[in-house]
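Chains as they are written, first to last, in my numbering: chain E, 1 to 250; chain S, 251 to 395.
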Amino acid sequence: MRHLVVLAATLMLGATASAGEVRAPASFLSPDLRALQDDPSRHPGWLWVDGGEALWREAPRSGRPSCEGCHGPIDGMRGVAARYPAVASDGALLNLEARIERCRTDNQQAPAFGYESEALLSLTAAIALRSRGLPVAVETEGAAAQHLAAGKRFYETRQGQLNLSCGQCHDENVGRRLRGDVISSGVGTGFPAYRLEWNTLGSLHRRLRACSLGVRATQLPYGAYDYVALELYLAARARGLPVESPGIRR
Amino acid sequence: MRQALAALLLALAAAPAAAQVAPFVVTGDAVSAPLDGLAGDAGRGARIVRNRETANCLICHTIPDPRETFMGEVGPPLAGVALRLTPGQMRLRLIDPTRINREAVMPAYHRIADLLRVDPRWQGRPVLTAQEIEDVVAYLATLRE
Chain E
1 MRHLVVLAAT LMLGATASAG EVRAPASFLS PDLRALQDDP SRHPGWLWVD GGEALWREAP
61 RSGRPSCEGC HGPIDGMRGV AARYPAVASD GALLNLEARI ERCRTDNQQA PAFGYESEAL
121 LSLTAAIALR SRGLPVAVET EGAAAQHLAA GKRFYETRQG QLNLSCGQCH DENVGRRLRG
181 DVISSGVGTG FPAYRLEWNT LGSLHRRLRA CSLGVRATQL PYGAYDYVAL ELYLAARARG
241 LPVESPGIRR
Chain S
251 MRQALAALLL ALAAAPAAAQ VAPFVVTGDA VSAPLDGLAG DAGRGARIVR NRETANCLIC
311 HTIPDPRETF MGEVGPPLAG VALRLTPGQM RLRLIDPTRI NREAVMPAYH RIADLLRVDP
371 RWQGRPVLTA QEIEDVVAYL ATLRE
């Protein structure tokens, strides 16, 4: 009898351990979609990558230098996206989109592109591509710690009319079917991603807004602090997994 | 005049948010009395269970119907649920499963209190009305194998 109890406890521990495992989003894709994600000649996201690379070289009308004018060729951005979101010198937590916008308004003295604009999506995708395959390596300590804690709180809080936390699906039910879809580990390593449901490239915050709507919770505005903090927590969960941006998502 | 009065009465009836949730008494792990004393209709319940816009039960559960494809597997299969649970037990699990298990993944289908950041379009409204809860209970009670 005691053996049975020990066996049951061991089995439960085993289940907990596998539930806690964070899997790369690509591992949830069908072989066809994974092949598409890996093939720049067929991946529709490359339309945005090409546009972003052109924007990188283009000087703004303000007369200030282009991105390339200060940073050099875009290939020098290798590894940058893997470190975002990150805390800026003034203490603000910035994701890659916000970092680009800040550079554009402060340094280039040009009007912000606007969240989810084609231009910002393109530049973000072109820069993120330079981290493709590199392990996510966000800073979680020091000034980032309080933001990470805020993101974790948001992730673990039940919300919306359907009263669900992120973790109830993306930790406890990973790999199970929700209608025709398999529940993933819920990390954002492929964003901006070309999502088939959207028929276009979109940011992680667009995806998070869809999650909020799914549990019938208030959709936060693009760039809202809670979403950026959540983005940091998701990146911390994904630490060590390869950046997949621009990804293909269902 | 009579029509205007009827419309006014209807508006008043719909106004208070609390009135959208029927009172109920929990005995053990069940709510034995039908909500608002309403009779459920199994045919309507079968449609509610399949409706992807409202209850969306099949996003997580399977039902024994070969015509249904792409059903979920987060919750237990509903085949034979009537052999495992009484209507009263089903009723409480639909109203608010966290009354039985605080960590339950299943949403509370007839509760408006203590929910966080609810989309304004759904604020003060339960997912299912008292009548819809009774209809779903009536349908589930037919799943005897």
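Quick reminder that beta carbons are idealized off the backbone N, C-alpha and C, glycines included.
Could you have a look at residue i and say whether DSSP puts it in helix, strand or coil?
i: E:ARG132; result: strand
i: S:GLN373; result: coil
i: S:THR348; result: helix
i: E:THR105; result: helix
i: S:ALA305; result: coil
i: E:THR140; result: coil
i: E:ALA217; result: strand
i: E:ALA236; result: helix
i: E:LEU7; result: Its pLDDT being 43, under 50, E:LEU7 is placed unreliably by the model, and nothing is read from it.
i: E:ALA224; result: coil
i: S:THR277; result: strand
i: S:ALA257; result: Residue placement at S:ALA257 is flagged as unreliable, the pLDDT there being 49, under the threshold of 50; the coordinate-derived value follows with that caveat. Of the three classes helix, strand and coil, the one that applies to S:ALA257 here is helix, per DSSP.
i: S:ARG343; result: helix
i: S:ALA289; result: coil
i: S:CYS310; result: coil
i: E:ALA125; result: helix
By the DSSP assignment, the beta strand (DSSP E) with residue i in it spans what residues?
i: E:GLY247; result: 247 to 249
For the alpha helix (DSSP H) that contains residue i, what are its first and last residues?
i: E:TRP46; result: 46 to 57
i: S:ARG462; result: As displayed, chain S neither begins before 251 nor continues past 395, which places residue 462 of chain S out of reach and without an answer.
i: E:HIS170; result: 166 to 170
i: E:LEU96; result: 96 to 102
i: E:PRO31; result: 31 to 37
i: E:GLY151; result: 145 to 156
i: S:VAL387; result: 380 to 390
i: S:ILE298; result: 292 to 300
i: S:VAL331; result: 331 to 334
From the DSSP secondary-structure annotation, give me the bridge partner or partners of residue i.
i: E:PRO242; result: E:PRO135
i: E:LEU325; result: Lying outside 1 to 250, the shown extent of chain E, residue 325 of chain E is not represented and no answer is given.
Anything in chain E within Cβ reach of residue i, meaning under 7 Å, just list it in chain order.
i: S:ARG367; result: GLN159, GLY160, ALA217 and THR218
Output, in chain order, the set of chain E residues within a Cβ distance shorter than 8 Å of residue i.
i: S:PRO370; result: THR218
Please list the partners that residue i has in chain S, where partner means a Cβ-to-Cβ separation under 7 Å.
i: E:GLN168; result: VAL355
i: E:ASN163; result: PRO357, ALA358 and LEU365
Could you tell me which chain S residues have their CB closer than 8 Å to the CB of residue i, listed as they occur along the chain?
i: E:GLU172; result: VAL355
i: E:LEU178; result: ILE309, CYS310, GLY322 and VAL324
Since residue i meets chain E, which of its residues come closer than 9 Å, beta carbon to beta carbon?
i: S:VAL377; result: GLN161, LEU162 and ARG216
Task: Within the region 178 to 207 of chain E, ranges of the beta strand (DSSP E) (whole runs, at least 3 residues) - done: Annotation note: the region 178 to 207 of chain E contains the following uninterrupted beta strand (DSSP E) runs of length 3 or greater, listed N- to C-terminal: 193 to 195 and 200 to 202.
TODO: List in chain order: all unbroken beta strand (DSSP E) runs of 3+ residues lying wholly within the region 71 to 97 of chain E.
DONE: Taking 3 residues as the shortest admissible run, the region 71 to 97 of chain E contains no complete beta strand (DSSP E) segment at all.
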